[in-house]
Structures are given as C-alpha cells and as structure tokens.
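Protein chains in written order, with the working numbering: chain Y, 28 to 302; chain V, 28 to 302.
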C-alpha cells in the first residue's frame, strides 16, 4: 500500500487505495513533483531557504542515509527512503516512480546537486523514461564545496577557476589527467573534488606532479576538510608540501593561480584591483 | 557623529560620542566584526540561513545600491552605506574602518562573494592595512550564477568545469583568450560570466570562435538571464546559433562538454552512469 504521505493529506490513509486510485484523488497536489535539493555543506545554516521550504512541503524525502540523518527534525514525520552509498541510480528510480504516482518527492544531495550530485542521474532517468512532462521538476541549487572551502580559506577563488574530480570511477583517468594538465597551463585556480579515497591514493600524487610541471612549488594550496560544517579543518600550505597533510573524501584541495598568496590569516587570489 | 547603530544598542545614541569613546564603550560587542555576505542570485529564497542571520545581527549593511534595495525589510532600520557600481574599493575601505571601530559590519555581494565578488578586494585591503587581527572576519558563501543557471537548465554542469569572466576591465584579454582556448581543449563544461556589456560586445564573438575550433557547432549552449530570480529567461541552443539570442550583463552563458545534450525539457551533462 502507498499512501499520500503525511504532508497536507491528513496523515496516513486507513483505506488500502490502489496506486491508480491515489493518483486520481486530489490529495493536496494531484500532479506529482520531483525536487532535487542541494543541502549545501551539511550545516543546516548554509542551506538556502528554498531548500528548507521544499523539504518542509515534500511528502517523501529520498537520500543517502548519512545526509538524511543530518536533516534531523526537518524531515521528522515524513516518508523517508534512504539507502547507502553508490545507490544513486536506485534512489533516482524510486523518486521518479513516486513522483509519477502524484507525490511531492525531494531527493536530497549534499552541496549543489548539480555538481557531481543527484541532479544529473535523476534527470537522465526522467528523460530516458519519458517522464519529463508527467510531473513538475525543480533543481534547488546549493553551496558546493569549492565555494564553501574558498570562503573558509579567505578569498581563494576570486578569479577564473576549474573544478576537477579525481575520481575515475565514472570517468577515464586519461581524461582527468588531460584536464589537470590544461587547467595548470591555463593558470586556473583549480579545485580538486574527491581527491583521495581509501582505495584511490595515487591520483593526488599524479595531480601534484602535473601541476609542478607548470607552476612554482611555492604556489599556495588550501586543504579544507568538512568545509563550513562541524569539524572543519583548514590547512594553508603550498604545492611542494601539501601531501604532508591528511587528505580524504571529506576534503577539497584548492590550488591557487600564479597570483594567489597566503597571508597570516587568509589565502587570497587578487582579481586585479590596484590597492 | 558615529553611533553604535540600532542593533542591540537601544537605537541611535543622542549624545555626540567621538569615535574613541564609542570604541571604548561596550556596545553589545566591543570587538568589531566584518562579514562579507553572499546574497545568492537575488531572490531572498535562494540565500542561505547564515546570510540571513548575519544581515539580521549586523549594525551596518554596506553594498551596491541595487543589491541593498533587493534586501527590503531585512535591512530596515539598519545603518546603510550604499554606493554605485565600480565603487568596490571605497565600500571595502569604509567597511574596514567601521569594523575597526567595533561595529558589526556586513558587506553584501551578489552570488557568492568569493566568485568575482566583494570577498577578494575586502580581504586584500584588510591585509594591506594590517587589520587581520583587529576584528573578526567571516566570508558567508552564496549560490553563484554558474550553479543557479545550471539548475535552471536542468543538470548542465555535472562534470568537470571551468568558470571564466569575459570582462577585461581587470584582466588582460590575452590571458582570458588563453584560458578559453585551454578550457575548450580540456572539454570542460565552461561557464562565461560577464559575457557582454554595453561597451564590450566583441569578446563573446571571439569566445565562440575559439570554442568552434575545438568543439562541434552542435555543442549545447544554455543562456540564462536573471538565473533563479525574478524575470528569469532560459534559452537552450547550440554553439553555432547562440549569438542570435540576447546576451547582457545579467546573463551567464554555459557551453556544454562533448557529452552534454539538450532534451525537450533539460540541458544535461551525464556524469558517466550506465542508464
């Protein structure tokens, strides 16, 4: 049995409606809605008001268990569908199925759902299944790690930049290497996502070697763990020494451009003002 | 005369304190604070809760007049320092001066203050004036146009990407051209900020020519004007035709990578899932 959830429908329905009957009934919103919601860095304070409102209004919250737990009171009493890591396709399929039934479904994603998050796979499946016009779709942007980490470092991005994930789970490593090479040549401030996992420890070394071919060993590097959430750790160092510090999947590594500098307090990339 | 502002101090002070006297008085917070606050795209719903709280708590709000006006009720009754465009250095100087006097000063910046925003110039001046330890500093990140526009298009960023400003006001055009060339070679999804102004109309044509050297004319391009705020306009087109649509300073242009595709509803860049 599927019910209309407990948001706006007077709680769980006692009658065992079939799915078809529920779709026809005007259950507050006869047309379903699918929102992919950016939670930002994890601290609820860094979430947008729009994200809050969507989570409050949704009937069903779907997400990776760790993220659902972070939401605490905000999703209390909602229908929850949570699953472990690497189950993105499964979560997207369930979300689409429930939205097609007329529910208001929120898929949560850390950071910005459009940056290596749940927006892509969910919309790919929506399109593949021809569901694009069957229910309303909203992508709710969030603050991604690059922005969160840069703000904790000071003003480290401030100029043209590139974001590259070092995870070769879904991307050929050759392409990642090529992008690192060209980003270094372009003198982009470069933010590395997924720099190191338990199984992947060599990519960050290769990335460093590539950057050292094009940039000074003194180029400032910022390492931010748990950016803008509990347990934040900030390290300001340089291209020569940054591998001496712990780096894991909760960390982003930000490599400055040729103008970036570290002060006692901040990592700064000037934009070009004459000061 | 400078007063303590009207937040937490019982309103404007009737006595004409000198600056020195105010600094010594315990006016709710004897140590000053300077926050550079990301307003996000402009719709208050897309602002983080942290940004809201800082604006509520601050004594003084400093910013470009148009942005201050957007804040409406939120800054009512505060001490306001607003000025026109291109007065970033002036605004930063005033903010530092007032924070040094012990006030809680919020400098507002659209989008993320760390992406071509007010964080850079403000912190540069803080450091230059040796003020880094004189008051507390916080950079409050916000949702930047790249993320806002991508979410309105569907899931257009989803893979490694570059952000490049086409404004050569503070950056040599040769460097911008080099970065465009390398971003195109790297097959980054590329987001162009400040694509066209009243005076700058040629840069976007050059950018298109550079991308056409490396990418198919059918490469999807999204144009988003007023992303995630009132009057939003979304255009999904391709590299060959995108100059046929209006582009201005309220617009970002997002050029897909070789895998990006347009559907009836969305612009999508797959991450590599097998669906």
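For glycine and all other residues, C-beta sits at the position ideal for the given N, C-alpha and C.
Next on the checklist: Looking only at its chain, what residues have a beta carbon closer than 7 angstroms to the beta carbon of residue 256 of chain Y, apart from the 5 residues adjacent to it on each side?
Outcome noted: Residue 256 of chain Y sits at position 229 when you count from the first residue of the first chain. Only 68, 69 and 70 meet the Cβ criterion.
Checklist entry - Based on the DSSP output, what are the partners of residue 300 of chain V in its beta bridges? => result Within the second chain, the letter at position 273 stands for residue 300 of chain V. In DSSP, residue 300 of chain V forms no bridge with anything.
Item to check | For residue 294 of chain V, three-class secondary structure by DSSP | outcome: One-based indexing of the second chain puts residue 294 of chain V at position 267. Collapsing the DSSP output to three states places residue 294 of chain V in a strand.
Next on the checklist: Pull the bridge partners of residue 59 of chain Y from the DSSP assignment, please.
Outcome noted: Within the first chain, residue 59 of chain Y is the residue found at index 32, counting from 1. In the DSSP assignment, residue 59 of chain Y forms no beta bridge with any residue.
Item to check | Proximal chain Y residues relative to residue 277 of chain V, where beta-carbon distance stays under 7 angstroms | outcome: Position 250 of the second chain, counting from 1, holds the residue named residue 277 of chain V. Scanning chain Y for C-beta atoms nearer than 7 angstroms to the C-beta of residue 277 of chain V yields nothing, as the closest lies near 17 angstroms away.
Checklist entry - If residue 189 of chain Y and residue 215 of chain V are in contact, beta carbons under 8 angstroms, what's the gap, nearest whole angstrom? => result Residue mapping note: residue 189 of chain Y aligns to position 162 of the first chain, counting from 1. Residue mapping note: residue 215 of chain V aligns to position 188 of the second chain, counting from 1. Sure, about 6 angstroms apart at Cβ, within 8 angstroms.
Item to check | Three-way DSSP call (helix, strand, coil) for residue 194 of chain Y in this model | outcome: Translated into positions along the first chain, residue 194 of chain Y becomes position 167. Three-state DSSP puts residue 194 of chain Y in coil, outside helix and strand.
Item to check | Segments of 3+ residues assigned as beta strand (DSSP E) that fall wholly inside the region 135–191 of chain Y | outcome: Taking only runs of at least 3 residues, the beta strand (DSSP E) segments lying wholly in the region 135–191 of chain Y are 163–167.
Checklist entry - Quick one, are the C-beta atoms of residue 302 of chain V and residue 278 of chain V less than 8 angstroms apart? => result Here residue 302 of chain V refers to the residue found at position 275 of the second chain. Here residue 278 of chain V refers to the residue found at position 251 of the second chain. With a cutoff of 8 angstroms on beta-carbon distance, residue 302 of chain V and residue 278 of chain V are scored as not near each other.
Checklist entry - Should residue 221 of chain V go down as buried or exposed, given a rule of 16 or more other Cβ atoms within 10 Å for buried? => result Numbered from its first residue, the second chain carries residue 221 of chain V at position 194. Buried is the call here.
Checklist entry - With burial defined as no fewer than 16 other Cβ atoms inside 10 Å of the residue's Cβ, what is the status of residue 51 of chain Y: buried or exposed? => result Locating residue 51 of chain Y in the first chain gives position 24, where the first residue counts as 1. Its pLDDT being 39, under 50, residue 51 of chain Y is placed unreliably in this model, and the coordinates cannot settle the point.
Checklist entry - Going by DSSP, what residues sit across from residue 64 of chain Y in a beta bridge? => result The sequence position of residue 64 of chain Y within the first chain is 37, counting from 1. Beta-bridge pairing links residue 64 of chain Y to Y:135 and Y:167.
Checklist entry - Looking at C-beta atoms only, is the number of pairs between the region 166–183 of chain V and the region 138–146 of chain V that lie closer than 8 angstroms three or more? => result Yes, since at least three Cβ pairs between the region 166–183 of chain V and the region 138–146 of chain V fall closer than 8 angstroms, the two stretches touch.
Next on the checklist: Is it buried or exposed, residue 13 of chain Y, if we count other Cβ atoms within 10 angstroms and call 16 or more buried?
Outcome noted: Residue 13 of chain Y is absent from the structure shown; chain Y starts at 28 and stops at 302.
Item to check | Spatial distance of residue 172 of chain V from residue 191 of chain V (CA atoms) | outcome: Numbered from its first residue, the second chain carries residue 172 of chain V at position 145. Numbered from its first residue, the second chain carries residue 191 of chain V at position 164. So the alpha carbons of these two residues sit roughly 12 angstroms apart.
Item to check | Rounded C-alpha distance that separates residue 49 of chain V from residue 124 of chain V | outcome: As a working note, residue 49 of chain V is residue 22 in the second chain. As a working note, residue 124 of chain V is residue 97 in the second chain. With a pLDDT of 38 at residue 49 of chain V, under the threshold of 50, the modelled position of this residue cannot be trusted; read the value that follows with caution. Approximately 13 angstroms, taken between the alpha carbons.
Next on the checklist: One question on the structure: do residue 127 of chain V and residue 149 of chain V come within less than 8 angstroms of each other, judged by their Cβ atoms?
Outcome noted: Mapped onto the second chain, residue 127 of chain V falls at position 100. Mapped onto the second chain, residue 149 of chain V falls at position 122. The Cβ-Cβ distance between residue 127 of chain V and residue 149 of chain V does not fall below 8 angstroms.
Next on the checklist: Rounded to the nearest angstrom, what separates residue 114 of chain Y and residue 120 of chain Y at their Cα positions?
Outcome noted: Sequence index remark: in the first chain, residue 114 of chain Y carries index 87 (1-based). Sequence index remark: in the first chain, residue 120 of chain Y carries index 93 (1-based). Roughly 10 angstroms between the two C-alpha positions.
Checklist entry - Mind checking if residue 167 of chain V is an interface residue toward chain Y, Cβ cutoff 8 angstroms exclusive? => result On the second chain, residue 167 of chain V is found 140 positions in, with the first residue counted as 1. Closer than 8 angstroms to the CB of residue 167 of chain V there is at least one CB belonging to chain Y.
Next on the checklist: Let me see if you follow: with CB-CB separation under 8 angstroms, is residue 106 of chain V close to chain Y or not?
Outcome noted: Your numbering for residue 106 of chain V matches position 79 in the second chain. With 8 angstroms as the cut-off, residue 106 of chain V does not count as an interface residue toward chain Y.
Next on the checklist: Which residues in chain Y have a C-beta closer than 8 angstroms to the C-beta of residue 269 of chain V? List them in chain order.
Outcome noted: Taking the second chain and counting its residues from 1, one reaches residue 269 of chain V at position 242. Residues of chain Y passing the Cβ test: none, with the nearest at roughly 20 angstroms.
Item to check | Euclidean distance between Cα positions of residue 78 of chain Y and residue 66 of chain Y | outcome: Reading the first chain from its first residue, position 51 is the one you call residue 78 of chain Y. Reading the first chain from its first residue, position 39 is the one you call residue 66 of chain Y. Answer to the nearest angstrom: the Cα atoms are 7 angstroms apart.
Next on the checklist: Just verifying my parser: in three-state terms, what is the DSSP assignment at residue 91 of chain V?
Outcome noted: The residue given as residue 91 of chain V occupies position 64 in the second chain. It is a strand residue.
Checklist entry - Can you find a heavy atom of the ligand ZN that lies under 7 angstroms from the Cβ of residue 76 of chain Y? => result As far as ligands go, the structure on display features none, and thus does not contain the ligand ZN.
Checklist entry - Is the number of C-beta pairs between the region 151–165 of chain Y and the region 173–189 of chain Y that are closer than 8 angstroms three or more? => result The region 151–165 of chain Y makes no contact with the region 173–189 of chain Y: fewer than 3 CB pairs, one atom from each, lie closer than 8 angstroms.
Next on the checklist: For residue 258 of chain V, would you say it is in contact with chain Y, using Cβ-to-Cβ distances shorter than 8 angstroms as the test?
Outcome noted: As a working mapping, residue 258 of chain V is identified with position 231 in the second chain. Residue 258 of chain V has a beta carbon lying at 8 angstroms or more from every beta carbon in chain Y.
Next on the checklist: Any beta carbon from chain V within less than 8 angstroms of residue 47 of chain Y's own beta carbon?
Outcome noted: Sequence index remark: in the first chain, residue 47 of chain Y carries index 20 (1-based). In this prediction, residue 47 of chain Y scores a pLDDT of 35, lower than 50, which makes its location untrustworthy; the coordinate-derived value is nonetheless stated afterwards. No, no contact with chain V.
Checklist entry - If you compare alpha carbons, which of Y:92, Y:298 and Y:102 is closest to residue 202 of chain V? => result Here residue 202 of chain V corresponds to residue number 175 of the second chain, with the count starting at 1. Of the listed residues, the one whose Cα sits closest to residue 202 of chain V is Y:298.
Checklist entry - Do residue 287 of chain Y and residue 296 of chain Y have their CB atoms nearer than 8 angstroms? => result If you number the first chain from 1, residue 287 of chain Y lands on position 260. If you number the first chain from 1, residue 296 of chain Y lands on position 269. In contact: residue 287 of chain Y and residue 296 of chain Y (Cβ atoms closer than 8 angstroms).
Item to check | Under 7 angstroms from the C-beta of residue 297 of chain V: neighbouring residues of chain Y | outcome: Taking the second chain and counting its residues from 1, one reaches residue 297 of chain V at position 270. Near residue 297 of chain V (Cβ distances below 7 angstroms), the residues of chain Y are 147 and 151.
Item to check | Cβ-based burial, residue 300 of chain V [other Cβ within 10 Å; buried from 16] | outcome: Counting from 1 along the second chain, the entry for residue 300 of chain V is found at position 273. Exposed.
Next on the checklist: Need the endpoints of the beta strand (DSSP E) that residue 251 of chain Y sits in, please.
Outcome noted: As a first step, residue 251 of chain Y must be located in the first chain, where it is residue number 224. It spans 247–252 - the beta strand (DSSP E) in which residue 251 of chain Y sits, taken as one unbroken run.
Next on the checklist: Taking CB distances under 8 angstroms as the criterion, tell me whether residue 171 of chain V reaches chain Y.
Outcome noted: Position 144 of the second chain, counting from 1, holds the residue named residue 171 of chain V. Yes, its Cβ sits closer than 8 angstroms to a Cβ of chain Y.
Checklist entry - How would you call residue 230 of chain Y, buried or exposed, if buried means at least 16 neighbouring beta carbons within 10 angstroms? => result For the purposes of this step, residue 230 of chain Y is identified with residue 203 of the first chain, where counting begins at 1. By the neighbour-count criterion, in which a residue is buried when 16 or more other Cβ atoms sit within 10 angstroms of its Cβ, residue 230 of chain Y is buried.
Checklist entry - Which whole-angstrom value describes the C-beta separation of residue 207 of chain V and residue 234 of chain V, a residue pair presumed to lie in contact below a C-beta threshold of 8 angstroms? => result By 1-based counting over the second chain, the position of residue 207 of chain V is 180. By 1-based counting over the second chain, the position of residue 234 of chain V is 207. With 8 angstroms as the limit, residue 207 of chain V and residue 234 of chain V qualify as a contact, their Cβ atoms being about 5 angstroms apart.
Checklist entry - If you draw a straight line from the alpha carbon of residue 45 of chain V to that of residue 88 of chain V, how long is it in whole angstroms? => result The count along the second chain starts at 1 and reaches residue 45 of chain V at position 18. The count along the second chain starts at 1 and reaches residue 88 of chain V at position 61. Annotation note: pLDDT 32 at residue 45 of chain V (below 50); position unreliable, coordinate value reported separately. Taking the straight line joining both Cα atoms gives about 21 angstroms.
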